[in-house]
Structure formats: C-alpha cells, structure tokens
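So that you can map any letter, position 532 of the sequence shown is 532 in the numbering used here, and since no number is skipped, the others follow by simple counting.
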Amino acid sequence: MKEYCNPLNLEYKFQHYAMTAHREAADPTLIYFKGRYYLFASMSAGFYYSDDLMTFQWHENREIGLYLYAPDVRQCNDYLYFSASDDKPGTLWRTKDPMSDLYEEMSTPLTLWDPNMLFDDDGRVYLYWGCGNKEPLYGIELDDSFLPIGEKKALIHANDEAHGFERVNYPDKEPDSALTIAMKEAGYFANPEGTPYIEGAYCNKWRGKYYLQYAAPGTELPTYADGVYTADHPLGPYTYQAHNPFSFKPSGFINGAGHGSTIEDAHGNLWHASTMRISVNAHFERRIGLFPAGLDEDGFLYCNQHFADYPYTLPDGQFDARELQPSYMLLSYRKKVTASSMIDGHPPQLSVNEDIRTWWCAKGSAGEWLEVDLGKAYTVHSVQLNLAEEGIPTRKEESPSYRSIDSGNELRTRYLMEGSEDGILWFVISDASQSQQDRSHDYVILKKDRAMRFIKVTATSLPYQQRFAMSGLRVFGLDCGALPESVVEAIATKPDALSVQINWEKAQGAIGYNVRYGIDEHKLYSSSLVYDRNEVLITSLNRDTRYWYCIDSFNESGITQGQVMPL
C-alpha cells in the first residue's frame with residue numbers, strides 16, 4: 001500500500017526575482033522510464049525522481065534548461081528527449097540516463113512555448129506547442145532529424161463562450177490580490193481582453209485515439225484546469241471531449257489543476273500531474289499535484305479529484321481510480337490554535353482555515369512554535385505541515401539572469417513535532433531537527449496510529465532564518481462518531497448557460513460538502529468542496545450539455561453519499 005497527500009511533498013526551490021523570495025514548481029512532466037519515475041518542473045534547475053511515485057528525491061542539473069519554463073520529456077526506445085520553452089529556437093536534447101547528466105544535442109526545431117513531443121507507434125514524430133491568449137495550440141510533424149515537415153497546423157482554439165472553465169471573467173470571481181493589482185499597474189500579465197490563455201499541450205495515444213490535453217484560462221486562477229480533445233490522427237481534426245475539463249480543482253485547501261501530463265505507472269494505472277496555485281508572493285508561486293486518472297468504458301479521460309488534497313492510500317497493482325476514496329478525514333479544521341508569537345495580519349487561526357493562500361506567521365524563526373488543540377483525543381494517522389514564505393528578501397546578485405534559483409545545501413527545513421493527550425505529557429511524532437532536506441509540505445505518517453489531542457510544531461532551523469509561517473497544520477485521522485446525515489433536497493438554478501448555483505438544506509452532523517457533477521449519472525467526475533456552507537456556484541459547465549449532480553456530506557468520521565439528481 002502507498003499513501004500520499006497533495007500538494008506533493010517535494011523540495012520546492014526558492015526563486016529570487018519578485019518583491020520577495022518564494023518557492024515554485026509548476027507545469028510538470030511526469031514520466032516512467034527504466035523502472036523509475038522522473039518529474040520535471042518549470043524553473044527548478046534539476047528534476048525529481050522516485051521509485052514508487054510517492055516519495056521523490058531531488059537531482060540537480062544546472063546545464064539543461066535552467067531558466068526555462070514548461071519542460072517536456074518523452075521516451076523513444078532507449079532515450080529520454082528533453083525540450084522546454086524558449087524565446088529563441090529551443091534545443092532538443094536526449095539522454096539514456098538523466099541521472100548521468102550526459103545529454104546529446106539533437107536539433108533546434110522551432111521557437112516555441114510549452115512544447116510537447118509525441119513519438120507515435122508507427123515511428124513518426126510530432127511536436128505540439130502554444131501559450132497565449134491570442135494564438136491556438138499548434139502541431140507539426142518532425143523528420144528523422146527532428147526538424148519540421150511542412151507547415152504548422154492550428155489544432156485547439158479558445159472557446160470560452162461554450163466552455164465554462166476557459167473563462168477568465170467567470171461569475172463570482174475572487175477580487176484581484178494586491179500582487180495582481182500591482183502587476184496590472186506595471187503592465188505585467190494584464191490581459192485587458194480578459195481572454196483565456198490556451199497552453200500546456202500534452203498528447204497521449206490510447207486505444208487508437210489521440211488525446212491532446214491543454215490548460216486554461218490562467219495559472220494564477222483557482223479555475224486553472226486541463227481539458228482534452230480527441231482525434232483519429234495526431235494532427236487532427238480534434239473533437240472536444242464531452243466530459244471537460246478532465247482535471248479541475250477549484251476549491252479546497254489548495255486549488256488549481258492545470259498544465260500537466262498524464263502517464264501510465266508500472267502497473268498500467270493512469271496518473272495526471274498538474275499545477276496547483278498559491279500566487280500570493282508572486283504570480284508564479286505554485287506547487288505540484290498528483291491525481292489518479294483513467295479512461296472509462298466510453299473512452300472518456302478523467303481524474304479522481306474528489307477530496308484531492310486529503311490523504312489517499314493506494315492498493316498495490318492495478319486499481320480503478322473511480323473507486324478510490326480519501327483514507328482519512330481532516331481533524332484540525334478551525335480548531336483552537338495557539339502560538340509563540342505572531343505578526344499583524346497573520347494570526348494562528350489562519351493555519352487551520354483550509355486556505356493555503358493565508359498563513360500564521362511568527363515574529364521570529366528558530367524556537368517559535370505552533371500548537372493545535374483538537375478539542376478531544378482522536379486517533380491520529382498523519383500530519384501535513386504546509387510552510388509559507390513571509391517577507392524573505394530577494395537575492396539576485398549571483399545570477400546573470402533576471403532571477404536566481406537557490407537550491408543551496410544550507411537551505412534546510414528543520415522542526416520538532418510533538419503530540420499529547422492531555423497537554424502535559426508529550427511524545428515525539430517526528431524529529432526533523434537534523435533533516436538534510438527542505439520540504440515545505442512535509443507529510444508525516446505516524447509509525448502507528450495514536451491517540452492525541454494536542455499537536456505542537458517547533459521550528460529548529462529554516463531557510464534564510466525566515467520567520468516561521470504555516471498555511472496549513474493539517475491533522476488527519478478518523479473519529480469514531482456517527483457519519484453525517486445525507487442531503488435530501490437541493491435547488492439548482494442557472495445564472496447563465498455555463499454556470500449553476502446549487503443550494504441545499506444543511507445535513508445534521510456535517511462540517512462540509514463535496515458536490516460531484518458530470519455528464520451522466522455514472523460519470524460524476526468533477527467536484528467542488530465547501531466547508532461551513534450549504535451552497536456552491538459551479539462555473540465550469542459546457543454549453544448545451546446535460547448534467548447530473550450529487551451532494552455528499554462529510555465530517556471527521558467519514559463521507560455520506562447523496563442522491564444523484566439531474567441538473
């Protein structure tokens with residue numbers, strides 16, 4: 001059995017280019033190659049690798065695509081082929097072993113952004129690319145020297161009048177952050193047209209069909225998602241899949257699930273890796289999410305993203321992604337929190353409000369602590385510590401570029417986590433005080449589930465001696481109480497052709513609801529999760545498409561499925 005929790009527990013690298021330094025990884029290409037998983041992300045100066053897809057280690061490489069976005073890595077026979085976005089003709093490299101750092105230059109085919117290669121099973125090679133709010137995604141065939149054959153072909157255009165998730169200006173959109181306002185005033189990413197960015201091409205071939213995936217409407221939005229078109233030929237014509245977007249996470253602790261890649265693991269299971277947004281310290285402040293995926297009986301590509309930032313335990317071997325449920329429930333939501341200190345605007349309660357974009361922040365670094373009182377003793381299974389960056393000065397003097405990527409050996413996240421049943425006698429949950437890693441989203445699984453009421457985390461050493469800041473002290477386990485009652489009545493109204501407002505009566509015992517919906521009563525693949533509310537506005541519908549929905553209630557003891565209803 002394997003277990004993980006989003007955002008992925010990686011060593012996210014510090015970026016020095018905005019007003020303050022921040023961690024970043026995005027636009028992931030995940031690949032299974034010669035018995036090992038490799039994950040390449042934008043602006044990381046290296047890559048991550050794993051033997052089990054759950055625990056990733058870091059490998060630095062500052063020679064290939066150091067300051068480039070959206071790396072693409074695909075396999076052909078004994079080689080991995082690497083390319084990335086560039087303002088000049090980009091280089092295509094290949095290697096037999098990415099750990100060796102030995103790469104062979106193959107060609108410089110085109111100037112392009114968000115490249116993706118497809119090695120077809122007939123030996124032909126295709127290249128896809130595109131990133132902008134005025135141009136479509138393109139495709140072209142490459143010859144044996146990896147140079148273009150003929151003219152590029154437009155494959156996917158924006159269509160935000162028919163595809164709800166592509167809209168930049170969707171109903172009830174959150175107001176611009178201070179960062180976004182400042183960037184607009186400076187002329188960066190202003191997008192005055194309000195048109196979606198169509199980007200992040202990634203093509204797979206399954207069951208004789210080509211699945212060309214793309215991202216929209218913008219990486220800084222909670223609605224950032226991946227859609228898919230299908231075709232019988234790699235250069236189309238492509239048809240919009242009825243179930244879209246296939247990767248979509250607009251709510252929860254961390255949201256966004258766009259610009260990614262889809263792979264088969266060692267057992268033939270499909271996985272989709274994609275970008276999750278924070279976008280507080282910088283526009284491109286992002287993380288990586290990993291989601292079980294699949295092709296259903298009708299050939300629809302989907303992801304299981306219900307409770308997608310809760311822990312999932314996965315069976316060994318093959319599984320049906322639709323049957324997976326979160327292994328444990330959240331025990332720390334809005335519980336009492338105390339801390340050693342705090343700065344203005346960052347009280348301790350922001351560490352348990354299920355919003356990665358807000359955080360508690362102490363006045364100092366080492367020695368500062370945060371403690372949650374769960375209210376009673378629970379059997380705790382795991383704790384996810386989500387650290388934040390607050391006011392870290394940028395340091396660009398060592399880089400010839402406009403930014404510096406810092407992965408220095410002195411950057412270590414060290415802490416001591418303790419638990420207690422009574423607040424008097426304490427025991428160690430995890431001693432990372434000598435850690436040689438910098439994991440800002442550490443997911444700690446107890447060796448054995450244990451009863452506790454109090455959990456305390458003390459910083460011992462942090463990168464740059466930064467202030468101790470926590471966006472999510474998330475405790476998981478199961479209460480032994482009753483499940484919530486089911487939702488029995490709901491009212492759905494459509495404010496426009498691409499949105500629906502759903503209201504329902506509160507279910508006794510529920511702390512939140514997960515609203516699942518889809519194009520068939522047996523294909524409720526999309527969802528939106530809410531706490532403390534009995535309403536949701538869904539803005540991702542496709543025009544002239546019939547939908548069904550279901551409202552599941554949940555609490556600390558588990559999930560009660562609701563009744564499936566037509567929309």
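Yeah, the Cβ is synthetic: ideal placement off N, Cα and C, and Gly gets one too.
- By the Cβ test, the stretch 481-499 is in contact with the stretch 162-172, since at least three Cβ pairs between them sit closer than 8 Å.
- By alpha-carbon distance to Asp176, the top candidate from Ala158, Leu137, Glu220, Ile149 is Glu220.
- If you ignore the 5 residues before and after Trp426, its C-beta comes within less than 6 Å of the C-beta of Glu418, Ser420, all in its own chain and listed in chain order.
- Its Cα nearest to that of His157, the residue Glu199 stands out among Glu199, Ala178, Glu151, Leu142.
- When DSSP states are grouped into helix, strand and coil, Ile392 belongs to the coil group.
- Using a Cβ-Cβ distance cut-off of 8 Å, the stretch 288-295 and the stretch 508-521 are not in contact, since fewer than three pairs of beta carbons, one from each stretch, lie closer than that value.
- Between Leu92 and Ser83, the C-beta spacing is below 9 Å.
- For Ser351, the three-state secondary structure derived from DSSP is helix.
- Thr379 is not a Cβ neighbour of Ser471, given a cutoff of 9 Å.
- For secondary structure counted as the beta strand (DSSP E) over 3 or more consecutive residues, the stretch 258-314 holds these complete runs in sequence order: 270-277, 286-295, 301-303, 312-314.
- Here Leu102 carries a coil assignment [DSSP, helix/strand/coil].
- Assignment of Tyr12 by DSSP, reduced to helix, strand and coil, places it in the coil class.
- For Arg453, the uninterrupted beta strand (DSSP E) run begins and ends at 441-461, by DSSP.
- A Cβ-Cβ distance of about 7 Å is found for the pair Thr545 and Ala242, placing them in contact under the 8 Å criterion.
- Leu112 and Ala201 have their alpha carbons spaced roughly 12 Å apart.
- Annotated three-state conformation of Tyr464 is helix, per DSSP.
- For Cys131, the beta-bridge partners assigned by DSSP are Glu199.
- A direct Cα-Cα distance of roughly 55 Å separates Leu235 from Thr460.
- By the C-beta density criterion, Tyr402 is exposed, having fewer than 16 other C-beta atoms within 10 angstroms.
- For Gly518, the enclosing beta strand (DSSP E) has its first and last residue at 512-518.
- For the 9 Å CB-CB criterion, Cys303 and Phe253 do not form a contact.
- By the CB criterion at 9 Å, Gly164 and Arg516 fall outside the cutoff.
- Note that the C-beta distance between Tyr210 and Pro311 is not below 9 Å.
- Straight through space, the alpha carbons of Pro148 and Glu104 are spaced by roughly 19 Å.
- Between Asn555 and Glu535, the C-beta spacing is not below 9 Å.
- Gly90 and His306 have their C-alpha atoms roughly 38 Å apart.
- A distance below 9 Å separates the beta carbons of Pro196 and Asp160.
- With a cutoff of 9 Å on beta-carbon distance, Pro115 and Asp72 are scored as near each other.
- Counting C-beta atoms within 10 angstroms of its own C-beta, Lys376 has fewer than 16 neighbours from the protein chains shown and is therefore classed as exposed.
- Residue pairing by DSSP places Leu118 opposite Tyr126 in a beta bridge.
- Put simply, the stretch 272-280 touches the stretch 224-239. At least three CB pairs are less than 8 Å apart.
- Tyr333 is the residue among Ala507, Glu485, Tyr333 whose C-alpha sits nearest the C-alpha of Ile356.
- Apart from the 5 residues on each side of it in sequence, Leu387 sits with its Cβ closer than 7 Å to the Cβ of Thr413, Ser440, Ala469, Met470 in its chain, given in chain order.
- Boundaries of the beta strand (DSSP E) around Ala377: 369-387.
- Between the alpha carbons of Pro566 and Ile263 lies a gap of roughly 33 Å.
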